[in-house]
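Chemist: Residue numbers (the working numbering): 994 to 1068.
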Amino acid sequence: QPQRSRNARAQARHREKRKAYIAQLEETVKKLQDAMSLTREDLASLPAPQSRIRDLEEENEKLRSELDYVKQQLR
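Laid out in structure tokens, this is it:
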């Protein structure tokens, strides 16, 4: 009887540990899924790369023109 009782307690401890481990894994999965969904939302809100490149090229050209104008004024 004592051996069975000890085995039963060991099995119960093992089940509790496994249950806690699974709960921790489920929490980790939920956190990772939440992080991924935020990332997808953030990515969806970004402008298309080609549009962003075009905007930056236009801004760059404007700044070059302004720089040329300032250089001419300093001569």
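Glycine included, C-beta positions come from ideal geometry on N, C-alpha and C. Everything numeric in this text was worked out from a predicted model, so none of it was measured.
Grab me the residues of Ala1041's own chain with a C-beta within less than 8 Å of its C-beta, minus the 5 sequence neighbours each way, in chain order.
Modeler: Excluding residues within five positions, none has a Cβ falling inside 8 Å.
Chemist: At what residue ranges does the stretch 1027-1058 contain a whole run of the beta strand (DSSP E), taking only runs of 3 or more?
Modeler: Correct list: empty.
Chemist: Quick one: what does DSSP say Gln994 is sitting in, helix, strand or coil?
Modeler: Coil.
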